[in-house]
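Enquirer: Starting off with a structure, shown below.
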Amino acid sequence: MFDSQTIATRHGAIRYSDTGGSGFPVLLIHGSSFSRRVFERQFDSELARRWRLIALDLPGHGESDNAPQPNVTYTVSGFADCLEEFAERLDLKRLAVYGWSLGGHAAIEWMSRSTRIRGLMLSGAPPISRGFIGMLRAFHPSFDLLLTTKHTFTARDAARFSCLSFGAQEPAPFQDLVLRTDGLVRSNFGQSLARGDGADQRRAVEGATIPIALLNGADDPFVRLGYLMGIHIPHQYGDEPTVVIGAGHAPFWERPELFNPALDHFVETVAAETASAWQAHVRRVTARARA
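Under full-length UniProt numbering, residues 1 to 291 are what the sequence shown spells out, in order.
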């Protein structure tokens with residue numbers, strides 16, 4: 001990873017990596033029980049030379065602090081608040097966001113209340129309607145899915161969860177990150193999502209005014225791909241959700257040779273639209289000043 005720093009927030013100290021530079025900023029948000037380390041294959045790629053890549057460890061994960069108020073932070077709204085504060089501290093006025101799994105759900109909530117996000121790509125995070133029924137429609141019910149809300153993990157649980165997340169056999173990748181994670185993240189966030197805290201995620205995405213891209217692995221063990229096809233996004237990037245063959249829950253890790261060009265092209269589109277909108281704004285302000 002590139003330069004790593006720590007900033008203090010109301011949700012605890014946050015550790016993050018930042019390539020810096022003048023490229024359009026792209027924030028990568030990891031899923032439950034992992035950390036920014038999962039984006040190694042993006043930081044070690046042409047993406048890091050074209051764009052300003054930023055990845056953080058959410059509270060309760062990786063090298064960041066456990067939240068001082070877990071019942072507040074480890075919720076859909078709490079993580080969105082943390083992301084807004086993080087972006088404010090880094091002075092990120094306009095950015096593209098990639099949200100994976102839990103990170104995607106937090107990003108949808110953040111998008112619903114912030115004007116910073118100019119483009120959002122999601123994997124493993126189907127925009128769900130409020131409540132438990134909404135979750136059932138979007139996810140495959142299984143005993144493995146219960147791991148996403150389990151508080152205490154054994155080493156075997158951690159290995160199983162990691163293999164499910166990354167489509168790998170033993171040895172499980174990032175098992176150390178799973179075991180490090182504050183177990184309250186899983187139990188609290190699962191309850192928050194089931195309660196329908198925050199915005200209705202499906203409505204937020206279907207009413208979005210920014211480009212939205214849904215990119216998922218064909219073999220995702222958690223997400224119903226058919227559900228994604230029924231979501232009507234006015235500014236969907238592409239004609240329909242993108243399905244990555246040969247990938248499961250984490251296409252950015254399993255098929256970076258396909259994922260990275262897709263993210264690159266998406267950010268290129270977002271950056272161009274943002275620049276065009278800014279130029280139009282400048283022209284309007286200039287015209288008013290001359291009137």
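Think of the CB as a built atom: it goes at the ideal place given N, C-alpha and C, for glycine as much as any other residue.
All of these numbers come straight from a predicted model, not from anything done at the bench.
Less than 8 Å between C-beta atoms, sequence neighbours within five positions excluded: which residues of the same chain meet that for residue 151?
Expert: Counting only Cβ-Cβ distances below 8 Å, and skipping sequence neighbours, we find 183, 184, 186, 187.
Enquirer: Residue 85: beta carbon under 8 Å from a heavy atom of the ligand PLP?
Expert: The model on display carries no ligand, and the ligand PLP is accordingly not part of it.
Enquirer: Helix, strand or coil: which one does DSSP assign to residue 281?
Expert: Any reading at residue 281 must be qualified, since the residue scores a pLDDT of 40, below 50, and its modelled position is unreliable; the value itself is stated next. The answer is helix: DSSP assigns residue 281 an H, G or I state.
Enquirer: What is the DSSP secondary structure of residue 110, reduced to helix, strand or coil?
Expert: Helix.
Enquirer: Use the C-beta contact count for residue 262: other C-beta atoms within 10 angstroms, 16 or more gives buried, fewer gives exposed.
Expert: By the 10 Å Cβ count, residue 262 comes out buried.
Enquirer: In angstroms with no decimal places, state the Cα-to-Cα distance between residue 74 and residue 258.
Expert: Each residue's Cα considered, the two are about 32 Å apart.
Enquirer: Please go through the segment 144-176 and give each complete beta strand (DSSP E) segment of 3 or more residues, from N-terminal end onward.
Expert: Counting whole runs of 3 or more residues, the segment 144-176 contains no beta strand (DSSP E) stretch at all.
Enquirer: Decide if residue 240 is buried, meaning its Cβ has at least 16 other Cβ atoms within 10 Å, or exposed.
Expert: Residue 240 should be labelled exposed.
Enquirer: Cα separation between residue 292 and residue 198?
Expert: Beyond the ends of the chain as shown, which are 1 and 291, falls residue 292; an answer cannot be given.
Enquirer: Which residue's Cα is closest to the Cα of residue 6: 64, 42, 49?
Expert: For the residues 64, 42, 49, the minimum Cα distance to residue 6 belongs to 64.
Enquirer: In terms of alpha-carbon separation, which member of 16, 136, 158 lies closest to residue 227?
Expert: Looking at the Cα atoms, 136 is the closest of the given residues.
Enquirer: Figure out for me which residue from 142, 234, 243, 4 has the closest Cα to the Cα of residue 55.
Expert: Cα-wise, what sits closest to residue 55 is 4.
Enquirer: Can you list the alpha helix (DSSP H) stretches of 4 or more residues lying completely in the segment 70-104, in chain order?
Expert: Taking only runs of at least 4 residues, the alpha helix (DSSP H) segments lying wholly in the segment 70-104 are 70-73, 76-89.
Enquirer: Which residue wins for smallest C-alpha separation from residue 180, given the options 11, 66, 131?
Expert: Out of 11, 66, 131, 66 has the C-alpha closest to the C-alpha of residue 180.
Enquirer: Would you list the residues sitting across from residue 213 in a DSSP beta bridge?
Expert: DSSP, once it has assigned bridges, lists 121 as partnering residue 213.
Enquirer: Between the alpha carbons of residue 169 and residue 275, how many angstroms are there, rounded?
Expert: If I take the Cα positions, the gap works out to 44 Å.
Enquirer: Quick check on this structure: which residue in 79, 125, 43, 27 has the alpha carbon closest to the alpha carbon of residue 90?
Expert: Selected option, being the one with the closest Cα: 27.
Enquirer: Quick one, are the C-beta atoms of residue 43 and residue 174 less than 9 Å apart?
Expert: The answer is no: Cβ separation not under 9 Å.
Enquirer: What separation, rounded to the nearest whole angstrom, lies between the Cα atoms of residue 202 and residue 190?
Expert: C-alpha separation (whole angstroms): 17 Å.
Enquirer: Within 8 Å, do at least three Cβ pairs link the segment 214-228 to the segment 127-144?
Expert: As far as the Cβ criterion goes, the segment 127-144 touches the segment 214-228, which means the pair count is three or higher.
Enquirer: Going by the CB atoms, is the gap between residue 77 and residue 192 shorter than 9 Å?
Expert: Yes. Within cutoff.
Enquirer: My parser needs the beta strand (DSSP E) runs of 3 or more residues fully inside the segment 233-267; what are they?
Expert: Listed in chain order, the complete beta strand (DSSP E) runs (minimum 3 residues) inside the segment 233-267 are 242-244.
Enquirer: Return the residue from the list 48, 40, 156 that minimises the CA-CA distance to residue 19.
Expert: Considering only alpha carbons, the answer is 48.
Enquirer: Kindly give me the distance between the Cβ atoms of residue 204 and residue 111, rounded to whole angstroms, as I take these residues to be in contact under 8 Å.
Expert: Going by Cβ atoms, the distance from residue 204 to residue 111 rounds to 7 Å, so yes, they are a contact pair.
Enquirer: Please state whether DSSP places residue 226 in a helix, a strand or coil.
Expert: If DSSP states are grouped into helix, strand and coil, residue 226 belongs with the helices.
Enquirer: Could you give the DSSP three-state label for residue 12: helix, strand or coil?
Expert: Strand.
Enquirer: Which term fits residue 104, buried or exposed, when burial requires 16 or more other beta carbons within 10 angstroms of its beta carbon?
Expert: Residue 104 is buried by the Cβ-count criterion.
Enquirer: Please report the Cβ distance between residue 244 and residue 216, rounded to the nearest whole angstrom; I am assuming they are in contact, meaning their Cβ atoms lie under 8 Å.
Expert: Residue 244 to residue 216, Cβ: 7 Å. Contact.
Enquirer: Note down the Cα distance separating residue 214 from residue 249, rounded to an integer number of angstroms.
Expert: Taking the straight line from one Cα to the other gives about 13 Å.
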